[in-house]
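As you go down the protein sequences, you meet chains W and L in turn.
Those letters in the first sequence? Residues 0 to 528, by numbering that gives the first Met the number 0.
Those letters in the second sequence? Residues 0 to 528, by numbering that gives the first Met the number 0.
Where is the CB? At the ideal position from N, CA and C, for every residue including glycine.
Small disclaimer: the values here were computed from a predicted structure and weren't measured.
All remarks here apply to the structure that follows.
Protein chains: 2
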Amino acid sequence: MKPDGGNLIGFGSSGPGGTVFKAFNPATGERIDPGFASATSEDVDRAVQLAADAAPIWAKLSGRKRNEFLRHIADSLEAKSADLVARAMLETGLPGARLQGEVTRTANQLRLYGEAAERGDWLDARIETALPERKPLPKPDHRSMLRAIGPVVVFGSSNFPFAYSVAGGDTASAFAAGCPVIVKAHPAHPGTSELVGRLILHAVRDCGLPEGTFSLLFDAGFEVGQALVKHPHVKAVGFTGSLQGGRALADLATARAEPIPVYAEMGSINPVFILPGALAERRVAIVEGLHASATLGVGQFCTNPGLIVLQRSAEAEQFVRELTAKLAATPEGAMLTAGIARNFAANVETRTGQPGVKILAQVAAKGACGAAPAWFETDAKFFVGNHALSEEIFGPSSLVVWCKDRAELLQVAQALEGSLTATLHVGTAEAGGSGELVDVLAAKAGRVILNGYPTGLEVSHAIVHSGPYPATSDGGRSTSVGTRALNRWARLVCYQGFADELLPPELQNANPLGLRRMVNGEWTSAAVQ
Amino acid sequence: MKPDGGNLIGFGSSGPGGTVFKAFNPATGERIDPGFASATSEDVDRAVQLAADAAPIWAKLSGRKRNEFLRHIADSLEAKSADLVARAMLETGLPGARLQGEVTRTANQLRLYGEAAERGDWLDARIETALPERKPLPKPDHRSMLRAIGPVVVFGSSNFPFAYSVAGGDTASAFAAGCPVIVKAHPAHPGTSELVGRLILHAVRDCGLPEGTFSLLFDAGFEVGQALVKHPHVKAVGFTGSLQGGRALADLATARAEPIPVYAEMGSINPVFILPGALAERRVAIVEGLHASATLGVGQFCTNPGLIVLQRSAEAEQFVRELTAKLAATPEGAMLTAGIARNFAANVETRTGQPGVKILAQVAAKGACGAAPAWFETDAKFFVGNHALSEEIFGPSSLVVWCKDRAELLQVAQALEGSLTATLHVGTAEAGGSGELVDVLAAKAGRVILNGYPTGLEVSHAIVHSGPYPATSDGGRSTSVGTRALNRWARLVCYQGFADELLPPELQNANPLGLRRMVNGEWTSAAVQ
Numbered sequence: 000m001k002p003d004g005g006n007l008i009g010f011g012s013s014g015p016g017g018t019v020f021k022a023f024n025p026a027t028g029e030r031i032d033p034g035f036a037s038a039t040s041e042d043v044d045r046a047v048q049l050a051a052d053a054a055p056i057w058a059k060l061s062g063r064k065r066n067e068f069l070r071h072i073a074d075s076l077e078a079k080s081a082d083l084v085a086r087a088m089l090e091t092g093l094p095g096a097r098l099q100g101e102v103t104r105t106a107n108q109l110r111l112y113g114e115a116a117e118r119g120d121w122l123d124a125r126i127e128t129a130l131p132e133r134k135p136l137p138k139p140d141h142r143s144m145l146r147a148i149g150p151v152v153v154f155g156s157s158n159f160p161f162a163y164s165v166a167g168g169d170t171a172s173a174f175a176a177g178c179p180v181i182v183k184a185h186p187a188h189p190g191t192s193e194l195v196g197r198l199i200l201h202a203v204r205d206c207g208l209p210e211g212t213f214s215l216l217f218d219a220g221f222e223v224g225q226a227l228v229k230h231p232h233v234k235a236v237g238f239t240g241s242l243q244g245g246r247a248l249a250d251l252a253t254a255r256a257e258p259i260p261v262y263a264e265m266g267s268i269n270p271v272f273i274l275p276g277a278l279a280e281r282r283v284a285i286v287e288g289l290h291a292s293a294t295l296g297v298g299q300f301c302t303n304p305g306l307i308v309l310q311r312s313a314e315a316e317q318f319v320r321e322l323t324a325k326l327a328a329t330p331e332g333a334m335l336t337a338g339i340a341r342n343f344a345a346n347v348e349t350r351t352g353q354p355g356v357k358i359l360a361q362v363a364a365k366g367a368c369g370a371a372p373a374w375f376e377t378d379a380k381f382f383v384g385n386h387a388l389s390e391e392i393f394g395p396s397s398l399v400v401w402c403k404d405r406a407e408l409l410q411v412a413q414a415l416e417g418s419l420t421a422t423l424h425v426g427t428a429e430a431g432g433s434g435e436l437v438d439v440l441a442a443k444a445g446r447v448i449l450n451g452y453p454t455g456l457e458v459s460h461a462i463v464h465s466g467p468y469p470a471t472s473d474g475g476r477s478t479s480v481g482t483r484a485l486n487r488w489a490r491l492v493c494y495q496g497f498a499d500e501l502l503p504p505e506l507q508n509a510n511p512l513g514l515r516r517m518v519n520g521e522w523t524s525a526a527v528q
Numbered sequence: 000m001k002p003d004g005g006n007l008i009g010f011g012s013s014g015p016g017g018t019v020f021k022a023f024n025p026a027t028g029e030r031i032d033p034g035f036a037s038a039t040s041e042d043v044d045r046a047v048q049l050a051a052d053a054a055p056i057w058a059k060l061s062g063r064k065r066n067e068f069l070r071h072i073a074d075s076l077e078a079k080s081a082d083l084v085a086r087a088m089l090e091t092g093l094p095g096a097r098l099q100g101e102v103t104r105t106a107n108q109l110r111l112y113g114e115a116a117e118r119g120d121w122l123d124a125r126i127e128t129a130l131p132e133r134k135p136l137p138k139p140d141h142r143s144m145l146r147a148i149g150p151v152v153v154f155g156s157s158n159f160p161f162a163y164s165v166a167g168g169d170t171a172s173a174f175a176a177g178c179p180v181i182v183k184a185h186p187a188h189p190g191t192s193e194l195v196g197r198l199i200l201h202a203v204r205d206c207g208l209p210e211g212t213f214s215l216l217f218d219a220g221f222e223v224g225q226a227l228v229k230h231p232h233v234k235a236v237g238f239t240g241s242l243q244g245g246r247a248l249a250d251l252a253t254a255r256a257e258p259i260p261v262y263a264e265m266g267s268i269n270p271v272f273i274l275p276g277a278l279a280e281r282r283v284a285i286v287e288g289l290h291a292s293a294t295l296g297v298g299q300f301c302t303n304p305g306l307i308v309l310q311r312s313a314e315a316e317q318f319v320r321e322l323t324a325k326l327a328a329t330p331e332g333a334m335l336t337a338g339i340a341r342n343f344a345a346n347v348e349t350r351t352g353q354p355g356v357k358i359l360a361q362v363a364a365k366g367a368c369g370a371a372p373a374w375f376e377t378d379a380k381f382f383v384g385n386h387a388l389s390e391e392i393f394g395p396s397s398l399v400v401w402c403k404d405r406a407e408l409l410q411v412a413q414a415l416e417g418s419l420t421a422t423l424h425v426g427t428a429e430a431g432g433s434g435e436l437v438d439v440l441a442a443k444a445g446r447v448i449l450n451g452y453p454t455g456l457e458v459s460h461a462i463v464h465s466g467p468y469p470a471t472s473d474g475g476r477s478t479s480v481g482t483r484a485l486n487r488w489a490r491l492v493c494y495q496g497f498a499d500e501l502l503p504p505e506l507q508n509a510n511p512l513g514l515r516r517m518v519n520g521e522w523t524s525a526a527v528q
């Protein structure tokens, strides 16, 4: 399996129309063959028209069929993982074991969302049967559920070439919800994207699904992505990346004649609050755990802990000294792209010059896209008054904020912007008194972690990967990970006074799909009598 | 109970700071005492700050307590309905019986949403227990649910002085979800708004809730509403009104440093498709039913049927003749405000001059704010090509679209924009062959009605009052009526690795609130073992 550099437009391919670009090996600084052709505006139109044609067929596709399709993709990802990982290693510089693990996670995610589609709980099917004799007015029969929203555009992310890219969480949840998908490949790993895209297209054919089910477009710049978001037939957008990029797409989508939702997960600073009792009980373990979390993948996780909040004490200073020593001894790593490495260096330099900020640990990197830990410290009074210190630095950089006391620590918590996660370490005796801090953190983050670390994300029914703006563009009302992710790609439809045979099977009296439905106020899997 | 014209800011009142305006009796054209003072920017700040202070208390308030509060408001609305209806009759010109019915509906809506809050299904509580021995990595404990989003601003509507105003659906659902509410009163019925607002404040005191639970602000113009939507402490907005107004607020909200959701229900044309078999079987009944639906409340319903789509035939022409005769004999009514009456007249005049459009029935009105039916007809080929014919005329005006055949009828359906409702009348033998048309209509509307009429809305668990843009600003993903309306005012929060006593009661092992929760993938009301 080798990429050939063409856009995948349904079952066809584009001519070499747009600007050609090549992938880049961040470990060696070399360009990698083949060239990839940016999609033309005709390619965009064709991909979207195919998706629009497929949308009504997809909206009616059974959950079982969607599950079959997603399992097929999952199986082929695993079967071809050696080829996929080999190409992804070249394009991302990430270690093979990490990428192999990501393929497995991506396959499991596809299967979980497929199961959710077949099970159909997420549809929130509800039935209120008629009361024709009710006074003063008869009550009509009402039956409602979520229905697929239509063609979805997914932007692949730089830092998860599998789990948040072509067959990643947004694509898998959109398919599971019944939507055709057009992926705009991230230019950092076009070859990996093409290989995964071809596996999806094989599954489309093997499952007998319409051509417009899936397309994959390349873009050297921003034009293709913008054209997709503005296209009238596109009904929703999924994005994982920077605040700047996500906000730009969201603004573009809300400025349309018909505004559409953009579900952008835009990263965050993921504050970690460590109370004195936690340090007293397990200082050394927290040094280890936090160091591992903060340096994992050269800090290129949206859940990277970027802010460490401490009450000043001899023990806390000892903690920071031990952490700093470990950071100073951390080898540099290659970042995902030259652009990310440049941004990291520039952001670190800016932070170095900010009032009240001191360097804790800073290691010079030598490789083509190399980066090594750059940690800073400041006092709560500087943090609270200076918004720039709340900005995420994507990469292995964190800011330690020193607080005089618990009150100042609470002030820092209250001054936080939205974040994907917030972490709290407490000692055994401190837990009971932490309720207020927990409530403040729960108002600021989509996931609050007790005595753990923010990196690592369980894909499950209960997980939330979300948070108030700027962590996400929709203010944390939805999640991009977990089975609730399906809900993003749907709208509510109610049928009033319908004959059973004209209803979708999900709402028919006999409950042929065996769904859990709310019938006259009670949840049941039984048929309607 | 008499209004005194002051803004209600928590338990306090504003000084007479801003522009003073009076209500207007649309039936007589007279101004009504007292004067109402537009809120100042200080009033806005104070109301929002109080709400922000109350928000953390409200977020933790039990569902039972919220239910008690909502029932209290419902009871006092009913107890004071004579005073409320008397004032509303003066301010709206609507008949007393209609307003009395609306008070009852509003009270029942408050009770239903209160029950939903106590029952807690809407929270979508989910628990995945830890698997500490899992390989290669242990699985942490995750527990998640919806949590109140914070202070909500509600814009009262002109056409439902109770059900979509101060204590209406948006306010009731926001309280039920755990959010403090600031209402911007509609200037067409400020006295009614004040009286209802005072009842809410009595309930706040009687239930021992914080002062910032509720405020009511008046505005002669747009400044107060805009200031509220832009205020950093406001977290979501509910609006019922025009497309122009809703879109302006949504654009303002997305342009904020921290964008917030605006749930705007902006009306629609509510197409009615009538197939030949329906006319053959029950032509006279449909004339009656459609005439009643289209002229109810002088056509001032967001579900008013504004587009009637027919296949041309002798019977269809007879149907339109009979309908036209009834319309021509329909007495004029007073519209809600002079501005609405002026807009109606202007829109009717514009439509009269459009290419391919002919007048079917047009009755001249004489009253101060009077309006009488103005119906038009056109051919499908004109409708499909001319976007202006898809625009809603708020009031008793509809457009009949003639189609040559079933194919053209389907074309008209496919050309529709988003709508709150779409109605289909079929004959007995036609139902089976209507699947494609039903699917197209379900892609265009939040509620599809078979053999019924769009006006009249059951407030229930299963109802959907929503639709793709421009019917709503959020593309029909949520509903403003029914118990699902609570979901709009919340965001997802997940707790990882938490000690039971630090969790909200909704997620504790013992399930002290008896909620239905998803535990390790299965729905149950049992405690976690």
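- Query: W/L491 versus chain L: which residues are under 8 Å apart at the beta carbon?
  - Reply: Correct list: G445, V463, S465, G475, R476, S477, T478, R483.
- Counting pairs of Cβ atoms below 8 Å between the segment 162-170 of chain W and the segment 188-206 of chain W, do you hit three or more? Under the three-pair Cβ rule at 8 Å, the segment 162-170 of chain W counts as touching the segment 188-206 of chain W.
- Task: Determine the closest residue to L/D519 out of L/E429, L/L122, L/T128, with distance taken between C-alpha atoms.
- Result: In the sequence under discussion, the amino acid at residue 519 of chain L is Asn, which differs from the Asp named in the question. In terms of CA proximity to L/N519, L/T128 leads the group L/E429, L/L122, L/T128.
- Item | Cβ neighbours of W/G113 in the same chain (closer than 7 Å, five flanking residues each side left out) | Answer for W/G113: R65, N66, L69, R70, A175, listed in chain order.
- Item | As assigned by DSSP and simplified to three states, the class of L/N6 | In the structure shown, L/N6 sits in coil (DSSP, three-state: anything other than H, G, I, E or B).
- Item | Close Cβ partners of W/E429 (< 6 Å) along its chain, the five nearest in sequence each way excluded | Excluding positions up to five away in sequence, the list reads L274, G276.
- What are the start and end residues of each continuous beta strand (DSSP E) run of 3 or more residues lying completely inside the segment 341-384 of chain W, in chain order? For the segment 341-384 of chain W, whole beta strand (DSSP E) runs of length 3 or above, ordered along the chain, are 357-361, 373-378.
- Query: Does DSSP classify L/G220 as helix, strand or coil?
  - Reply: L/G220 falls in the coil class under three-state DSSP.
- So is L/P511 buried or exposed if we call it buried at 16+ other beta carbons inside 10 Å? A residue is called buried when at least 16 other Cβ atoms come within 10 angstroms of its Cβ; L/P511 does not meet this threshold and is exposed.
- Item | W/Q528 burial status per 10 Å Cβ neighbour count (16 or more: buried) | So W/Q528 counts as exposed.
- Query: Using the C-alpha atoms, what's the distance from W/L415 back to W/L388?
  - Reply: Whole-angstrom Cα-Cα distance: 10 Å.
- Item | Cutoff 8 Å: W/L501 Cβ touching any chain L Cβ | Chain L, which has a Cβ nearer than 8 Å to the Cβ of W/L501, makes this yes.
- Item | Through-space distance from W/E348 to L/P18, alpha-carbon basis | For the record, residue 18 of chain L in the displayed sequence is Thr; it is not Pro. Within the model, the alpha-carbon separation for L/T18 versus W/E348 is close to 52 Å.
- Message: For a cutoff of 8 Å on Cβ pairs, would you count W/D169 as touching chain L?
- Response: With 8 Å as the cut-off, W/D169 does not count as an interface residue toward chain L.
- Task: Could you confirm whether any beta carbon from chain W is found closer than 8 Å to the beta carbon of L/L449?
- Result: Proximity of L/L449 to chain W, defined by a Cβ-Cβ separation below 8 Å, is satisfied.
- Query: Given that a residue counts as buried once 16 or more other Cβ atoms are within 10 Å of its Cβ, and exposed if not, what is L/G149?
  - Reply: Taking a 10 Å sphere around the C-beta of L/G149, we find 16 or more other C-beta atoms and assign the residue as buried.
- Task: Measure how close the beta-carbons of L/A219 and L/P186 come, nearest whole angstrom, since I'm counting them as under 8 Å.
- Result: At roughly 6 Å, the Cβ-Cβ gap stays under 8 Å, so L/A219 and L/P186 are in contact.
- Which of helix, strand or coil DSSP assigns to L/Y494: In the displayed model, L/Y494 falls within a strand according to three-state DSSP.
- Does the beta carbon of L/R45 fall short of 7 Å from some heavy atom of the ligand ATP? The ligand ATP is absent from the structure shown, which contains no ligands of any kind.
- Message: Less than 7 Å between C-beta atoms, sequence neighbours within five positions excluded: which residues of the same chain meet that for L/A263?
- Response: Only F238, G245, L248, A249, T471, S472 meet the Cβ criterion.
- Task: Determine the closest residue to W/A38 out of W/E280, W/S12, W/G62, with distance taken between C-alpha atoms.
- Result: Taking only the C-alpha atoms, the option nearest W/A38 is W/S12.
- Between which two residues does the alpha helix (DSSP H) carrying L/Q243 extend? Where L/Q243 is concerned, the enclosing alpha helix (DSSP H) stretches over 242-253.
- Query: Do you know how far the Cα of W/A293 is from the Cα of W/T377?
  - Reply: Going by the C-alpha atoms only, they are around 18 Å apart.
- Along the chain, where does the beta strand (DSSP E) that runs through L/D32 open and close? Start and end: 29-36.
- Message: Just to confirm the assignment, what range does the beta strand (DSSP E) spanning W/V400 have?
- Response: Annotation for W/V400: the continuous beta strand (DSSP E) segment containing it runs 396-402.
- At least one CB of chain W closer than 8 Å to the CB of L/G230: is that the case? Correcting the residue type first, residue 230 of chain L is His in the shown sequence and not Gly. Taking Cβ atoms only, chain W never reaches closer than 8 Å to L/H230, which makes this a no.
- Query: Any chance the segment 87-104 of chain W sits against the segment 208-215 of chain W, with 3 or more Cβ pairs inside 8 Å?
  - Reply: The segment 87-104 of chain W, when compared against the segment 208-215 of chain W, does not touch it at the 8 Å Cβ threshold.
- Message: Rounded to the nearest angstrom, what separates L/G155 and L/Q108 at their Cα positions?
- Response: The alpha-carbon separation between L/G155 and L/Q108 amounts to approximately 16 Å.
- Query: chain W beta carbons: is any one of them nearer than 8 Å to that of L/V383?
  - Reply: No, its Cβ sits nowhere closer than 8 Å to a Cβ of chain W.
- Taking Cβ to Cβ, would you say L/P258 is nearer than 8 Å to L/A22? Contact: no.
- Task: Compare the C-beta of L/I285 with all C-beta atoms of chain W and state if any pair is closer than 8 Å.
- Result: For L/I285, the closest Cβ of chain W is not nearer than 8 Å.
- For chain L, is any of its Cβ atoms less than 8 Å away from the one on W/H290? No - not a single Cβ of chain L is within 8 Å of the one on W/H290.
- Message: For chain L, check one thing: does any of its Cβ atoms lie closer than 8 Å to the Cβ of W/G431?
- Response: True, the Cβ-Cβ gap to chain L drops below 8 Å.
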